[in-house]
Amino acid sequence: MKDQAYQPPRIRSIVFGILLFLVLLYSLLTLSGTMKQVGNVFLYIPSQLGLIQRVLPEQVHTIDLQTPSPAVLDFTSPGRYAIYTSDYDLLMLNLLNGPPWLLVTSQSTREQIPIVSVGRGARPYDTPLAAGRPIFVFDITVPGTYEVAYHFRYASIAIVPDYTTGKETVIVFAFIAQIAILLFIIVIVFYLHNQRHRALTKNMEATLEQRRIERQALWNAEIQKGKKENRENDKM
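Position one of the sequence shown corresponds to residue 1 (our numbering), numbered consecutively onward.
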């Protein structure tokens, strides 16, 4: 048996392979953002039910670390705040568990706010309004104007209210419940579609069988008619 001759890949196959590679590469590079966008969809119903809060665009404080320090921010609500970034160097620095490289100080009392490092990765319930993952959290007990001092860097950070810490159980339960309901709906739709397809197939088979029987009966009638004509011709 002779070996088949080598056939070079077609241009269409090469282009398709390149496009597929680019799509996979883009998906990997934006995996965190895509995950948070999907998670944000599942947070909509719990937020409407009052189980959790979602970060609003006007609550996001973005700081370009190339601008002169300190940045002056107004925190109108007390609570915990998280500092997000997608800068690789800052994320690696955070993994080393070094001391915080920024300070948050009350402009009225000059009191420094304790900052705690966060070592976890990005999660589906993180707000998509802030790129990357949280690296620090701090608590504001008294609303007011605060100064955020930092070192000059070619990066940016976003400070947002932390509405998820302490409510992870509620969020996970809400995610599981919604996914279960969605899967149930998909199964029902698939089942109904499958039943409809089976019914159509059964009807089609019944119709074809009926047509076959009718054709067979017509054919038998023609045969009998032909035999009868032959017998009559033989008698003559």
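Just so you know, even glycine gets a beta-carbon here, dropped at the ideal spot from N, CA and C. As the structure is a computational prediction, the values presented were derived from the model and not from experiment.
Which of helix, strand or coil DSSP assigns to TYR154: coil
Cβ distance (whole Å) where PRO161 is taken to contact TYR81 below 8 Å: 6 Å
Reference PRO143; option with closest CA among ALA217, ARG54, PHE75, VAL116: PHE75
ILE113, DSSP secondary structure in three states: strand
Integer-rounded CB distance, given that PRO124 should sit under 8 Å from TYR84: That pair is no contact at about 15 Å.
Separation of GLU58 from LEU73, as counted between CA atoms: Rounded to whole angstroms, LEU73 to GLU58 spans 13 Å at the Cα level.
Burial state of THR44 (16 or more Cβ within 10 Å): A small correction: the amino acid at residue 44 is Tyr; Thr does not occupy that position in the sequence shown. Exposed, by the Cβ-count rule.
Reference ILE140; option with closest CA among PRO78, ILE176, ASN203: The candidate whose alpha carbon is nearest that of ILE140 is PRO78.
Selection from HIS61, GLY132, ARG153 that minimises the alpha carbon distance to ARG120: GLY132
GLY144 in three-state terms, based on DSSP: strand
PRO134 - partner residues in DSSP beta bridges: TYR84
Cα-Cα separation between THR105 and THR67, rounded to whole angstroms: 18 Å
Cβ shell of VAL36 (< 6 Å), same chain only, five flanking positions each side left out: In the sequence under discussion, the amino acid at residue 36 is Lys, which differs from the Val named in the question. Same-chain partners within the cutoff: ASP126, PRO128.
Residue closest to ASP64, alpha-carbon to alpha-carbon, out of VAL118, SER86, GLY50, ARG54: SER86
TYR154 burial status per 10 Å Cβ neighbour count (16 or more: buried): exposed
ASP89 - DSSP class collapsed to helix/strand/coil: helix
Nearest-angstrom beta carbon gap, LEU102 and ALA158 [assumed within contact, 8 Å]: Actually they are not in contact, since the Cβ atoms of ALA158 and LEU102 sit about 13 Å apart, beyond 8 Å.
With 16 other Cβ atoms within 10 Å as the buried cut-off, status of LEU90: buried
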